[in-house]
Each structure stands twice: as C-alpha cells, then as structure tokens.
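Engineer:
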Amino acid sequence: MNRVFIKTYGCQMNERDSEAVAAMLRARGYRMVQDESACDVMLLNTCSVRDMAEQKAIGKAVHVIQKKKRNPRFVLGILGCMAQNRGAELLDALPDVDLIVGTQKFHQVPDYLDNLRAAQEAGAPIASTIIDIAEEADSQNTIREHVLEDRQVTAFVSIQQGCNMDCAFCIVPKTRGDERSRPMDEIVRECEELAARGVREITLLGQIVTSYGRRDYTHTGGVTPFVQLLERVNAIPGLQRIRFTSPHPRGFKEDLIAAYGRLEKLCEYVHLPLQSGSDRILRAMNRPYTRERYRQIVDDLRRVRPDMYFSTDIIVGFPGETEEEFQQTRELFEACNYDMAYVFKYSIRSGTPAAGMADQTPDEVKEERNQVLLRILEANSNRRNATLLGTTQEVLVEGPDRKGLGYMGRTRGNRIVHFAATERLIGELVPVRIDRVSTAVLYGELALTGVNS
Ligand code: SAH
Ligand code: F3S
Numbered sequence: 001m002n003r004v005f006i007k008t009y010g011c012q013m014n015e016r017d018s019e020a021v022a023a024m025l026r027a028r029g030y031r032m033v034q035d036e037s038a039c040d041v042m043l044l045n046t047c048s049v050r051d052m053a054e055q056k057a058i059g060k061a062v063h064v065i066q067k068k069k070r071n072p073r074f075v076l077g078i079l080g081c082m083a084q085n086r087g088a089e090l091l092d093a094l095p096d097v098d099l100i101v102g103t104q105k106f107h108q109v110p111d112y113l114d115n116l117r118a119a120q121e122a123g124a125p126i127a128s129t130i131i132d133i134a135e136e137a138d139s140q141n142t143i144r145e146h147v148l149e150d151r152q153v154t155a156f157v158s159i160q161q162g163c164n165m166d167c168a169f170c171i172v173p174k175t176r177g178d179e180r181s182r183p184m185d186e187i188v189r190e191c192e193e194l195a196a197r198g199v200r201e202i203t204l205l206g207q208i209v210t211s212y213g214r215r216d217y218t219h220t221g222g223v224t225p226f227v228q229l230l231e232r233v234n235a236i237p238g239l240q241r242i243r244f245t246s247p248h249p250r251g252f253k254e255d256l257i258a259a260y261g262r263l264e265k266l267c268e269y270v271h272l273p274l275q276s277g278s279d280r281i282l283r284a285m286n287r288p289y290t291r292e293r294y295r296q297i298v299d300d301l302r303r304v305r306p307d308m309y310f311s312t313d314i315i316v317g318f319p320g321e322t323e324e325e326f327q328q329t330r331e332l333f334e335a336c337n338y339d340m341a342y343v344f345k346y347s348i349r350s351g352t353p354a355a356g357m358a359d360q361t362p363d364e365v366k367e368e369r370n371q372v373l374l375r376i377l378e379a380n381s382n383r384r385n386a387t388l389l390g391t392t393q394e395v396l397v398e399g400p401d402r403k404g405l406g407y408m409g410r411t412r413g414n415r416i417v418h419f420a421a422t423e424r425l426i427g428e429l430v431p432v433r434i435d436r437v438s439t440a441v442l443y444g445e446l447a448l449t450g451v452n453s
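Numbers 1 to 453, taken from the working numbering, label the letters of the sequence shown in order.
#1: Short of 7 angstroms in beta carbon distance, which residues of its chain neighbour Cys163, apart from the five on each side in sequence? Order them along the chain.
#2: Report yes if the CB atom of Arg295 is closer than 8 angstroms to the CB atom of Leu272, and no otherwise.
#3: Assuming the contact rule is C-beta atoms closer than 8 angstroms, Phe419 and Gly444 should be a hit. Round their C-beta distance to whole Å, please.
#4: Check whether the Cβ of Arg330 sits closer than 7 angstroms to any heavy atom of the ligand SAH, and report yes or no.
#5: Can you grab the Cα-Cα spacing for the pair Asp132 / Gly102, in whole Å?
#6: When the Cβ atoms of the stretch 319-328 are set against those of the stretch 347-363, are three or more pairs found closer than 8 angstroms?
#7: Look at the alpha carbon of Ile348 and the alpha carbon of Glu325, and state the distance between them as a whole number of angstroms.
#8: Report the three-state DSSP secondary structure of Met82 (helix, strand or coil).
#9: Locate the beta strand (DSSP E) running through Pro400, then write down its first and last residues.
#10: For the putative contact between Val33 and Phe5, defined by C-beta atoms under 8 angstroms, what is the C-beta separation to the nearest angstrom?
#11: Here's a check: name, in chain order, each residue in its chain whose Cβ is nearer than 6 angstroms to the Cβ of Val451, leaving out the five neighbours to either side.
#12: Among all the DSSP beta bridges, which residues are the ones paired with Ala155?
#13: Note the first and the last residue of the continuous beta strand (DSSP E) segment covering Ile315.
#14: Does the beta carbon of Phe169 fall short of 7 angstroms from some heavy atom of the ligand SAH?
#15: Identify every residue that forms a DSSP beta bridge with Arg241.
#16: Relative to the alpha-carbon of Thr154, which residue among Ser128, Gln140, Ile202 and Val188 has its alpha-carbon at the smallest distance?
#17: Give, in chain order, every unbroken run of the beta strand (DSSP E) that is at least 3 residues long and sits entirely within the stretch 50-129.
#18: Can you tell me which of Lys345, Gly390, Thr392 and Val432 puts its alpha carbon nearest to the alpha carbon of Met408?
#19: Where does Ile121 land, buried or exposed, given buried means 16+ other C-beta within 10 angstroms?
#20: Taking Arg283 as the reference, which of Ala354, Glu394 and Thr422 has the closest Cα?
This is the structure:
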C-alpha cells in the first residue's frame, strides 16, 4: 500500500499544497506514481471556489470508489478546500472515503496514511473515516518541502495562507481560514535553496499576497512588508525571475508600483483581479476600490513599465448585475487591454453573503456575458501576439514541450514560446526570435549570435 496518486483541482495554491504533500509522503517511504490505474492510495486535492469544481471532484470520487469494491485495501482521501468546506457531510454522498483532511492539516496526511496502513496490516478493517478539518496555529509554515523534477526551472513558494477580505461571493475565507503569513527569513531561505537547486523563476503564492506580513512586520520608509520581501528575493543570486499571485488592487501603493521600476527580476506581468467594472457591484461584492482607482493603478503601472502585461479575474452575473452594469465591466475590460483573463460565471457558494442576495442572474445571461468578454480577450491576445511577431524575446527555457517536438519556455510577459533548442539550454535565458503566433502561443527560433547552442 505505498503507491500514491494525487489529483489536484483548482488553483496554483492547491498545486503547491499537493507538491508539499508529495514531498512529505516521499520522505516517509511512499512512492508517488503518475499513473492512476497503478496506485494503492488516491488523494483528491479539491477546490470549492465554484460549484463546478466541487462537482468534478465528487464525480471522480464516486467513480473511484468502485475500485474499493474490487480491492478493499484501496485508500481514497479527500483533501483541501472541499474537505474543509463540507467536512463530515461529504460522507453522505461518499460513505466509503477513508480520509477527509482540511486545508490546515496537509502535513498530517503521512501520519494518517501510516495509521490506515498499520490497521490494514494488522488485518483490521478500516473502521471509520479519519476526518481532520481543525484549525491549526502556524499551519502556514508547514507548506515548505518541494519535490523538484530533474532540472526544474520554475517553482511556487507559499508565503501566506488564508484571507480576511470577505468578498461577498467568495468561499476562500471559509476554506482557507484567517490570513497568516510565513516568516520572511524562512521564505527567503526556501527561495535560496530552490535557486541553489537550479530553479530560476519563483512565483510567490498567497490569497492576497500584497497584504503579506502586515501584522508581523513594520513598514520601513514607506515600503510594505510585501515589497521588502520582493527586494530580498530579488537579491538572491542565481534566481532570474520573480512572479506573484494573487495580489489585491488595494495593495498597489506607490512602493509596489515603484518596485517594477527598480527590481530587475520582477517580471512585467501583473495579475490584477478586477471582478467587476461597476462601482455599485464592486460595493455589493465588498471590493474596496472603484473603477477609477483600478484604472489609475493600471495606468501607473504602464507608466513605470510601458511593456507591462496584465491579466485579471472577472465575475459575470453577480446577483443584481444589470445589463448597464455589465456594460461598464465590458468597457473597462476593453480599456485595460488585458493580455490574459479568467472570466467566471458567478456561482452561488452557500454560506457567503452573496448566496442570500435576491435577484440571482439567470444562467443564459451569465453565459452571454461570459462570451462577450471571452471574444474581447481573444482579440486582445491576437493583437498582442501580432506585435511580438518578428521581435526577439528573452525566454527562460523550461524543458521539452509536451509533444516532445522541441523545447518550451516563457517570456517575462508569461507568453509560452515553442522553439528548437538543446537540453543544455534548460534553465538559461535565451533570445528567441518570434516568427509565428497563434492566440495562445508563440513560435520562434533561437537568436544566438556567436553562441554555440
Ligand atoms: N485571491 C484568490 C482568490 C481565489 S478565487 C486568488 O486569486 O487566488 C479566484 C477567483 O475566482 C476570484 O478572483 C474570482 O474571480 C473567482 N471567484 C471566486 N468566487 C467565485 C464565485 N462564487 N463565483 C464565480 N467566481 C468566483
Ligand atoms: Fe476571495 Fe476576495 Fe480573499 S476573492 S480570496 S475573499 S480577496
């Protein structure tokens, strides 16, 4: 019973949590497998942010449970946000699940699996489901081990857990708990170690990274703890690029905007969640900024970095969103000229303030508004990529592309580029001349003059 398969749903934080669980399990003698048909333990690391994500994981669990009928020793665990959100209630739909572990208890997974294994080896049937969704002080400090692939170039580093913003639509404050930051020294040490192991690009992760350390560190000379952290990571030798997600618009004060002008490793790509372009809807969402203020941030960032790339999150069909209010979103969405966007149809999350609001938007209207924004995004993306045609971009070589035909990497603006290269260049920053583009990716050739590639 030691082959473990982890399936991850949802955001990059979930990816990172799964990776940390895998690292802890490996250290305990478990074997991580990529083939789900060849595992003894399946762990579903789940997402609750929209109903669809929960339904997907439940569907998968229902399907997998059939396996238990053939093999009673097979272990199924549900981890993360849905485990936290629904707890023991999950057993109504999934009575045969062995393990339900919440978002503050990932580090307990190895112990729980050991216990299940010991019970099985003693011939005891698994008596009842292990459920642990308690809060745990300092659990934000437990997501720190990494499983690095051979020659892994990019890595996620968790700097914070939870969120206290209480956006009216959002389940995250419930599933992830209070906002808690990791000590800056530990984060920096983790980044240094990753750099020493060959990682060249780090993405700092949290639900609201711009608030990082606000209760634990003081501002020094108008510089927030988050920007202090960026400065320290920027100084790590070997590291080439820094990204972060997700910030909050209200975190974009003078110091962070200026950081884009002076921290050379900070990539000119900002994910800046807008949610809505209507001031009334923003207020109803409990998002503390106006469309004017948001637009100002975009303009300020473009002033510091004219080549800045922007992405965003939008929710269409928030309760009570009128056609006119949606048009305000559409208008601002066009004006900001996003290179990338995640457009979501509002999904009722029970227990959040918006769930009880009158005037829920019909599904057809959400779908229509969704399509409008996606069409704008596609046009934007094509337009941006067309401007890249014929230019030479700095690309960080990540490795062979999925089809194994060539290599892939990304520009600082987070555009994926395919090109011919050699293994020796993995982890290097190389100039690539872009000679073909599609909506989603760029294709090009190494432009190495006088360098033997
Ligand atoms: N700060 C976190 C937010 C997590 S939720 C982060 O960006 O990682 C990610 C996005 O999902 C939000 O920005 C929002 O656009 C969307 N979202 C959250 N709750 C939603 C809901 N109930 N319905 C539809 N989309 C939602
Ligand atoms: Fe959710 Fe808003 Fe926090 S979107 S994660 S409550 S900033």
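Yeah, the Cβ is synthetic: ideal placement off N, Cα and C, and Gly gets one too.
Structural biologist: Walking through what the data contain:
#1: Looking up residue 163 in the sequence shown gives position 163. Hits under 7 angstroms: Val172, Pro173, Arg176, Glu179, Gln207 and Ile208.
#2: Looking up residue 295 in the sequence shown gives position 295. Looking up residue 272 in the sequence shown gives position 272. No, the pair does not count as a contact, with Cβ atoms beyond the cut-off.
#3: If you number the sequence shown from 1, residue 419 lands on position 419. If you number the sequence shown from 1, residue 444 lands on position 444. Yes, Phe419 and Gly444 are in contact; Cβ-Cβ is about 5 angstroms, under 8 angstroms.
#4: Along the sequence shown, one-based indexing puts residue 330 at 330. Not so, every heavy atom of the ligand SAH lies at least 7 angstroms from the Cβ.
#5: Here the question's residue 132 lines up with position 132 in the sequence shown. Here the question's residue 102 lines up with position 102 in the sequence shown. When rounded, the distance between both Cα atoms is 6 angstroms.
#6: yes
#7: To locate residue 348, count along the sequence shown from 1; it is residue 348. To locate residue 325, count along the sequence shown from 1; it is residue 325. For Ile348 and Glu325, the distance between alpha carbons rounds to 19 angstroms.
#8: Here the question's residue 82 lines up with position 82 in the sequence shown. Here Met82 sits in helix by DSSP.
#9: Residue numbering aside, residue 400 sits at position 400 when the sequence shown is read from its first letter. Note, Pro400: beta strand (DSSP E), Thr392 to Pro400.
#10: By 1-based counting over the sequence shown, the position of residue 33 is 33. By 1-based counting over the sequence shown, the position of residue 5 is 5. Right, the Cβ-Cβ distance comes to about 5 angstroms (below 8 angstroms), so this counts as a contact.
#11: On the sequence shown, position 451 is the one that residue 451 refers to. Unreliable placement is indicated for Val451, whose pLDDT of 47 sits below 50; no coordinate value is reported for it.
#12: On the sequence shown, residue 155 is found 155 positions in, with the first residue counted as 1. The partner list for Ala155 (beta bridge, DSSP) reads Ile202.
#13: Position 315 of the sequence shown, counted from the first residue, corresponds to residue 315. Looking at the DSSP string, the run of the beta strand (DSSP E) that includes Ile315 is Tyr309 to Val316.
#14: As a first step, residue 169 must be located in the sequence shown, where it is residue number 169. Yes; taking the cut-off as 7 angstroms, the Cβ of Phe169 has a heavy atom of the ligand SAH nearer than that.
#15: On the sequence shown, position 241 is the one that residue 241 refers to. Partner(s): Glu201.
#16: Against the sequence shown, residue 154 aligns to sequence position 154. Answer by Cα proximity: Ile202.
#17: 75-80 and 99-101
#18: Position 408 of the sequence shown holds residue 408. For Met408, the nearest C-alpha among the options comes from Val432.
#19: Locating residue 121 in the sequence shown gives position 121, where the first residue counts as 1. According to the sequence as given, residue 121 is Glu; it is not Ile. By the 10 Å Cβ count, Glu121 comes out exposed.
#20: Residue numbering aside, residue 283 sits at position 283 when the sequence shown is read from its first letter. Checked all of Ala354, Glu394 and Thr422; the closest Cα to Arg283 is Ala354.
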